[in-house]
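Using the working numbering, the letters of the sequence shown map in sequence onto residues 5 to 307.
Written below as structure tokens is the structure these notes are about.
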Amino acid sequence: NMKIKTIICLMLFSLISVFGCSQKNTPVKALIVTGQNNHVWEVSHMAIKQILENSGLFTVDLAVSPAKGENMSGFRPDFSAYKLIVLDYNGDRWPEETDKAFLDYVQNGGGVLIYHAADNAFREWSEFNKILGFGGWEGRNETDGPYIYMKDGELIYDGSPGPGGSHGKQHEYVLHSDSPEHPVMKGLPAKWMHAKDELYDRMRGPGKVKDVLYWAYSDPETGGSGRDELSIFTVDYGTARIFHTTLGHAGKTLDDNIAMQCAGFQITLLRGAEWAATGKVTQEIPADFPTETKISLRKNYRE
Ligand code: ZN
5 NMKIKTIICL MLFSLISVFG CSQKNTPVKA LIVTGQNNHV WEVSHMAIKQ
55 ILENSGLFTV DLAVSPAKGE NMSGFRPDFS AYKLIVLDYN GDRWPEETDK
105 AFLDYVQNGG GVLIYHAADN AFREWSEFNK ILGFGGWEGR NETDGPYIYM
155 KDGELIYDGS PGPGGSHGKQ HEYVLHSDSP EHPVMKGLPA KWMHAKDELY
205 DRMRGPGKVK DVLYWAYSDP ETGGSGRDEL SIFTVDYGTA RIFHTTLGHA
255 GKTLDDNIAM QCAGFQITLL RGAEWAATGK VTQEIPADFP TETKISLRKN
305 YRE
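Right, here's the structure in full:
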């Protein structure tokens, strides 16, 4: 009987559609690693958690380490249970098993988001620094890898001697991009004004940059390097998807936190997070994205 067959087919089809849709809308599991930092991690990790969760795209768990100097041996996050690991950690070395579990996660094609001073961490751990792409401070110099910057739109790996990691005074600055085709970038402007923040410069490392998403001119007038510095980029490391943002110096409280309240910071972070976790970006470009001349703030960390 054709009629019954047609009805069964239609029922199956709608079941598959409904199931397919609900699968697509399942939030992705992310883990923020935090607990020690030379920054106010109590603020930064809460801001990131809100940005990720308020989007509806992520559920967020926290791996909060013991305080500096305390026994780290029990700090054993289960990285493998997550699609995205957010590093908001700059402190004491992890136990050996945790180092190994993190490397396994990344080398199995994991998604990693490196946020601000997380790229100061673990100077002496060379494999970790390849995952960062570059890092700064903690005594870094030419022995930690070349100074990586942009010149006339080209990536430069400069091995000449010098310090690794500095920044001038905080100020508003324009981010520039020449990578409109990257999934994180599709629809984002080539130039936008970032709210008052640090601008990391003279960063060094043993890693390979994959795509420079945004760079910024580090003006000597504000204590900068006089070069075009990488601000947001991806790292070439096997099959892993690694998104690195140097933006977002944390303020004293969630309310007094202008660099992280910048809509441009939040939207690029969220797009980078989705790309690192899934390889795709499904988000529309919101109307409140900053322009080339005007900053835009999201004080409540949501659209
Ligand atoms: Zn900072």
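For glycine and all other residues, C-beta sits at the position ideal for the given N, C-alpha and C.
Delimiting residues of the alpha helix (DSSP H) encompassing residue i
i, result
"Y109", "100 to 111"
"W279", "267 to 282"
"V47", "45 to 58"
"E128", "Counting along the chain, E128 falls outside any alpha helix (DSSP H), and DSSP gives it neither H nor E."
Sequence-distant residues of its chain with Cβ nearer than 8 Å to residue i (five each side left out)
i, result
"H180", "A194, K195, Y218, W219, A220, Y221, D232"
"A67", "L35, I36, V37, T38, G39, F79, P81"
"N145", "P165, G166, P167, G168, R208"
"V285", "P187, V188, K190, R275, E278, W279"
"F293", "L192, P193, W196, A267, G268, I271, S300"
"D260", "none"
"W129", "R97, D103"
"P290", "A267, I271, E307"
Proximal residues to residue i (C-beta, below 7 Å), its chain only, five neighbours per side dropped
i, result
"E142", "N124, R127"
"H171", "E202, L203, Y204, D205"
"F106", "F83"
"T297", "M197"
"V216", "M154, L159, S183, L234, F237"
"Y177", "H198, L203, A220"
"C25", "Legend: pLDDT at C25 = 49, less than 50; position of this residue unreliable, value from coordinates given subsequently. For C25, where only same-chain residues beyond five positions count, there are no Cβ hits under 7 Å."
"D156", "none"
Same chain, Cβ closer than 6 Å to residue i, five either side skipped, listed in chain order
i, result
"G163", "P150"
Under 7 Å between C-beta atoms of residue i and residue j
i, j, result
"S235", "D205", "no"
"Q270", "L301", "no"
"V188", "R275", "yes"
"H248", "A121", "no"
"N94", "P210", "no"
"A281", "V64", "no"
"P99", "S69", "no"
"A263", "A199", "yes"
"G115", "L136", "no"
"L273", "I55", "yes"
"K159", "I118", "The identity of residue 159 in the sequence shown is Leu, whereas the question assumes Lys. Against a cut-off of 7 Å, the Cβ pair of I118 and L159 comes out as no contact."
"K173", "G139", "no"
"R306", "N29", "no"
"K72", "D103", "no"
Residues that residue i bridges to, as DSSP identifies them
i, result
"Y86", "In the DSSP output, where bridge partners are listed per residue, Y86 has none listed."
"G115", "R245"
"A71", "Partner(s): none; A71 has no beta bridge."
"L301", "C266"
"N145", "P167"
"K155", "E158"
"D205", "S170"
"V216", "F237"
"L61", "Beta-bridge pairing links L61 to no other residue."
"D232", "M154, Y221"
"G139", "R208"
"L91", "V37, I118"
"L1", "Lying before the first or after the last residue shown, residue 1 is absent from the chain, which here runs from 5 to 307."
"L66", "I36"
Terminal residues of the beta strand (DSSP E) in which residue i lies
i, result
"V285", "Segment: none, V285 is in no beta strand (DSSP E) and carries neither H nor E."
"A199", "195 to 201"
"L35", "32 to 38"
"Y177", "175 to 180"
Beta carbon proximity, residue i to chain C, threshold 7 Å
i, result
"H198", "Looking for chain C here will not work: only one protein chain is present."
Any non-hydrogen atom of the ligand SAM closer than 6 Å to residue i Cβ
i, result
"E233", "No copy of the ligand SAM appears in this structure; the ligands present are the ligand ZN."
> Are the stretch 237 to 245 and the stretch 100 to 111 in contact at 8 Å, needing three or more beta carbon pairs?
Replying inline: Contact between the stretch 237 to 245 and the stretch 100 to 111 is present: three or more C-beta pairs spanning the two stretches fall below 8 Å.
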